[in-house]
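Have a look at the structure below, then the notes.
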Amino acid sequence: MTNETDYVIVYGTQNLVEFSKRYAKWHGWVSLIICSLGIIGNVFNIIVLTRKTMISTTNYLLTALAVSDLFTMLSYVPFALHFYIIFEPMVSPERDTKTWGKFLVFHLNFTVTTHTTAIWLGVVLSAFRYSFIRGSNRFSSWWIFGVYVCSVIILIPMYLSVRLKEETSGNNNSIYVIAEPPPDSSYSLIVTRLNFWIHAILIKLLPCILMLVFGLLLVWTLKRTETKSLQLRRQSRSENFKVRMREHARTTRMLVVVITLFLITELPQGFLTLCSGSMRGFHRAVYTPLGDIMDLVALVNNAINFTCYCTMSKQFRQTFLKLFCPQYRQTETATEYSVSRALISRTFEQSQRRRSSAVSHQTRLSSLASLFCLSVNNNEEDGEVDQGVTEGNEDELKIQTVAV
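When the letters of the sequence shown are read in order and numbered with our numbering, they come out as residues 286 to 689.
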């Protein structure tokens, strides 16, 4: 028995190996469908997120994330077509030619690079959102550039360890496969160990831990913000303030979902990678049979972001409909026209009410002033009459006195 069979028996993964062989016949078609949908979705993401109305630090990072996911799936399409659909997923001289062997080396290095940048962009995105950092596009582009450069640097040991090897098949035909590093070479042992720890720690576990921490902080901040915004909404009558608070909460929830999808995808792979380096035979007996499933889960994560953005961001959804749905544009224009007319008529009615209330108030003041003047005049006339009566009474008294 070979060592691989021994390890399968030791770990009890016979059923897993059998399932992996059966699923490999369908993996090419399933991954091709997911990649096709994901490529279209990420193109939509890039177009929508780069509109003038959508420009922000968060959306700039989401655009870079969409570009990384797009490149990953663009490279996976020819890989799935050639190695799974056109030819069976078994080593053969027709499938494993020198040209396609070189493409396989490029595909492995390229997809690991784009996938690593996507993971660390998720970390930067969660950190930015938690800190609520507002910066210019140049500020965000420097972070994106730094993530790409650092990803390439930490993957140099992997670039050095992935090599193409020529072998001879049973029919004396040449086949080209990925060479495993020789176990007796100290240089290859150092590179392999370094590559393992980089892959397990820097690519999988560390970014997952950071995303988990920032994700929990985002959830805590979101709950606290919702409580405060509810109080502020009750006190504030500004409709724009309420809309901004709701949109901020939606964006934060959307990013929490994106981080959760990253964790579901990457955290199990990180533990499997750690076990592969620390447990003898685990890589062949467990990790390799799960390779296609892990690729499928990663592709789903790359393709699902468009659905998350559409369902959880009203601004993204409206911008997408305006760009790609002419009927919605006409409806939106008619709605905006009717809303504008309603606002104009409401403003006109309010101004008329203010004017009429001002006129009525002025009329009331005039009437009150008139009444006041009339009362003053009446009082003066009453005083003159009383004075005349008094003088008449005095004359009568004088006449009566003379008569006496």
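Ideal Cβ positions, reconstructed from N, Cα and C, are used throughout, including at glycine.
Euclidean distance between Cα positions of residue i and residue j
| i | j | result |
| --- | --- | --- |
| Ile439 | Ile483 | 7 Å |
| Asp577 | Ser305 | 8 Å |
| Met564 | Phe556 | 12 Å |
| Ser459 | Glu465 | 17 Å |
| Ala485 | Lys607 | 43 Å |
| Phe481 | Gly562 | 7 Å |
| Tyr444 | Gly500 | 32 Å |
| Thr355 | Leu584 | Residue 355 is actually Leu in this sequence, not Thr. In a straight line, the C-alpha of Leu355 is about 10 Å away from that of Leu584. |
| Thr558 | Thr399 | 19 Å |
| Glu303 | Glu551 | 24 Å |
| Thr382 | Asn330 | 36 Å |
| Val437 | Ala570 | 30 Å |
| Gly386 | Gln612 | 49 Å |
| Trp428 | His568 | 34 Å |
| Tyr461 | Glu452 | 6 Å |
| Gln299 | Val582 | 22 Å |
| Arg307 | Met375 | 12 Å |
| Asn457 | Ser377 | 11 Å |
| Asn327 | Cys593 | 12 Å |
| Gly431 | Phe609 | 34 Å |
| Val543 | Tyr433 | 20 Å |
| Arg448 | Val293 | 26 Å |
| Leu226 | Val541 | Residue 226 is absent from the model: the chain starts at 286 and stops at 689. |
| Phe368 | Lys508 | 48 Å |
| Tyr622 | Arg602 | In this prediction, Tyr622 scores a pLDDT of 47, lower than 50, which makes its location untrustworthy; the coordinate-derived value is nonetheless stated afterwards. Cα to Cα, Tyr622 sits roughly 20 Å from Arg602. |
| Val690 | Thr357 | Look at the range of the chain in this structure, 286 to 689, and you will see that residue 690 is not part of it. |
Endpoints, alpha helix (DSSP H) assigned at residue i
| i | result |
| --- | --- |
| His367 | Per DSSP, His367 belongs to no alpha helix (DSSP H) and is neither H nor E. |
| Val585 | Gly576 to Ala588 |
| Lys306 | Gln299 to Leu334 |
| Lys599 | Lys599 to Phe609 |
Member of the options whose CA lies at the smallest distance from the CA of residue i
| i | options | result |
| --- | --- | --- |
| Ile463 | Phe388, Thr396 and Val498 | Phe388 |
| Val409 | Ser426, Phe395 and Ile294 | Ser426 |
| Cys320 | Leu301, Asn590 and Gly562 | Asn590 |
| Ser598 | Phe430, Tyr572, Thr537 and Gly562 | Thr537 |
| Met579 | Trp405, Thr298 and Ala309 | Ala309 |
| Ile549 | Ala570, Thr604 and Pro492 | Pro492 |
| Tyr269 | Thr382, Leu393, Val376 and Val333 | There is simply no residue 269 to check, as the chain begins at 286 and stops at 689 in what is shown. |
| Ser406 | Gly455, Tyr345 and Gly386 | First, the amino acid is wrong: residue 406 is Leu here, not Ser. Considering only alpha carbons, the answer is Tyr345. |
| Pro553 | Tyr572, Lys337 and Met539 | Tyr572 |
| Ser416 | Phe372, Leu503, Val447 and Phe609 | Leu503 |
| Val333 | Cys560, Gln600 and Trp428 | Gln600 |
| Cys595 | Val432, Val293, Lys337 and Met539 | Met539 |
| Ile475 | Val447, Pro442 and Thr384 | Pro442 |
| Lys450 | Val498, Val434 and Thr384 | Thr384 |
| Lys489 | Cys560, Ser377 and Tyr296 | Cys560 |
| Tyr296 | Gln603, Gly566 and Arg602 | Gly566 |
| Phe424 | Arg336, Ser341, Thr592 and Asn327 | Ser341 |
| Cys435 | Val541, Ile494 and Leu487 | Leu487 |
| Ile494 | Phe364, Ile404 and Val293 | Ile404 |
Cβ pair residue i, residue j closer than 8 Å
| i | j | result |
| --- | --- | --- |
| Trp314 | Ile370 | yes |
| Ala534 | Thr506 | no |
| Leu366 | Leu317 | yes |
| Asn586 | Phe547 | yes |
| Leu359 | Ile324 | yes |
| Ser411 | Met339 | no |
| Thr343 | Arg414 | yes |
| Thr396 | Ser353 | no |
| Arg380 | Phe372 | yes |
| Thr477 | Ser454 | no |
| Pro574 | Leu301 | yes |
| Arg336 | Thr545 | no |
Any non-hydrogen atom of the ligand ADP closer than 7 Å to residue i Cβ
| i | result |
| --- | --- |
| Val571 | Absence of the ligand ADP from the depicted structure is noted, as is the absence of any ligand whatsoever, leaving it without description. |
Write down every uninterrupted run of the alpha helix (DSSP H) in the segment 394-479 whose length is 4 residues or greater and which is fully enclosed by it, in chain order.
-> 422-439 and 441-446
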